[in-house]
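For the sequence shown, this note's numbering assigns the number 15 to the initial residue and increments by one for each residue that follows.
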Amino acid sequence: MAMPLKPSISSRITGGQAMLWQDEGMIHIGAEAEVRIGRWLGLPAIKKTRIPRTWRHPDLDKRLTKRRLDVECKILNKLLKENIAAPRILELNKDEMTMIISKIEGSPLIESLQAGIVDENVFFQLGKIIRNFHEIGISHGDISTNNILWQAGSEPTLIDFGLSKNTIEVEDFGIDLHVLEEILSASHPEYEGAMEQVEAGYLSQSPDDVIDIPAGLLPTANEVIKRLQDIRTRVRYHD
Numbered sequence: 015m016a017m018p019l020k021p022s023i024s025s026r027i028t029g030g031q032a033m034l035w036q037d038e039g040m041i042h043i044g045a046e047a048e049v050r051i052g053r054w055l056g057l058p059a060i061k062k063t064r065i066p067r068t069w070r071h072p073d074l075d076k077r078l079t080k081r082r083l084d085v086e087c088k089i090l091n092k093l094l095k096e097n098i099a100a101p102r103i104l105e106l107n108k109d110e111m112t113m114i115i116s117k118i119e120g121s122p123l124i125e126s127l128q129a130g131i132v133d134e135n136v137f138f139q140l141g142k143i144i145r146n147f148h149e150i151g152i153s154h155g156d157i158s159t160n161n162i163l164w165q166a167g168s169e170p171t172l173i174d175f176g177l178s179k180n181t182i183e184v185e186d187f188g189i190d191l192h193v194l195e196e197i198l199s200a201s202h203p204e205y206e207g208a209m210e211q212v213e214a215g216y217l218s219q220s221p222d223d224v225i226d227i228p229a230g231l232l233p234t235a236n237e238v239i240k241r242l243q244d245i246r247t248r249v250r251y252h253d
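Shown next as structure tokens:
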């Protein structure tokens, strides 16, 4: 069942049913979800439908997917509460495994990087934003340049929270940075020093401050960078 809408919201009525979503086409189909662009009550929006895992028992898959949707919704609401840029949830339908969210302005950072039209400080800004996530106990889980939106004159914005979670573990935060580092190295090697700028941005906000949240003490920015270095060493040793 879809989440109830506020009574003040008006909608087009066709055949007695509210036509809230107007589809405008596919953005992409990934391993986790199908993503489409359209309008919700006339507002630019994104519709995300979770893809069933056919190798799992249907009941188990539905239960796990609903749990994943719950986590994603809580993450988005937490980000907005903390004034961190994120999409707003417009509609949630757990029966159909769909979520409609507001569309964030900008293009995937991967496109701007490939076109060579990014601002010099975009990587520094990105590091600061990642630290903002970590300072409230959220790891993104999939920081790739496909999951970062950017437009000239604005700060980058992280999107796609399907793998995000609440955590206070330094390993989770270190992995966030390492995933981004691997993407930058493999897909954007022409941007020399990009990861160093990300780290500088990450460390720019009170690197030794200990932050206490309800879940416990968060690792300092310096501790996360140290763990990133440890992860690099482990990966090189494994290879």
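C-beta atoms are modelled at their ideal positions from N, C-alpha and C, and glycine is treated no differently.
What you are looking at is a predicted structure, and each value in this text was computed from that prediction instead of being measured.
With contacts defined as CB atoms closer than 8 Å, Ile-152 and Ile-89 qualify as a contacting pair. When the five nearest sequence neighbours on each side are left out, the beta carbons in the same chain lying within less than 6 Å of the beta carbon of His-148 are those of Phe-187, in order along the chain. DSSP links Arg-64 through a beta bridge to Ala-47. The continuous stretches of beta strand (DSSP E) do not include Gly-176, and DSSP gives it neither H nor E. Per DSSP, Met-113 is not a residue of any alpha helix (DSSP H); the beta strand (DSSP E) it occupies stretches across 112 to 116. One thing to note: Ile-114 has its Cβ within 8 Å of the Cβ of Glu-105. For the 8 Å CB-CB criterion, Leu-140 and Lys-108 do not form a contact.
Secondary structure of Arg-53 (DSSP, three-state): strand. Fewer than three beta-carbon pairs drawn from the segment 129 to 143 and the segment 61 to 77 are found closer than 8 Å, and the two stretches are therefore not classed as touching. The closest CA to that of Gln-128, considering only Phe-175, Gly-44 and Asn-160, is found on Asn-160. A residue is called buried when at least 16 other Cβ atoms come within 10 angstroms of its Cβ; Gly-176 meets this threshold and is buried. Fully contained in the segment 167 to 232 are the following alpha helix (DSSP H) runs of length 4 or more, in chain order: 184 to 201 and 208 to 217.
In the structure shown, the three-state DSSP call for Leu-34 is coil.
Counting C-beta atoms within 10 angstroms of its own C-beta, His-42 has fewer than 16 neighbours from the protein chains shown and is therefore classed as exposed.
Assigned with DSSP and collapsed to three states, Ala-129 falls in helix.
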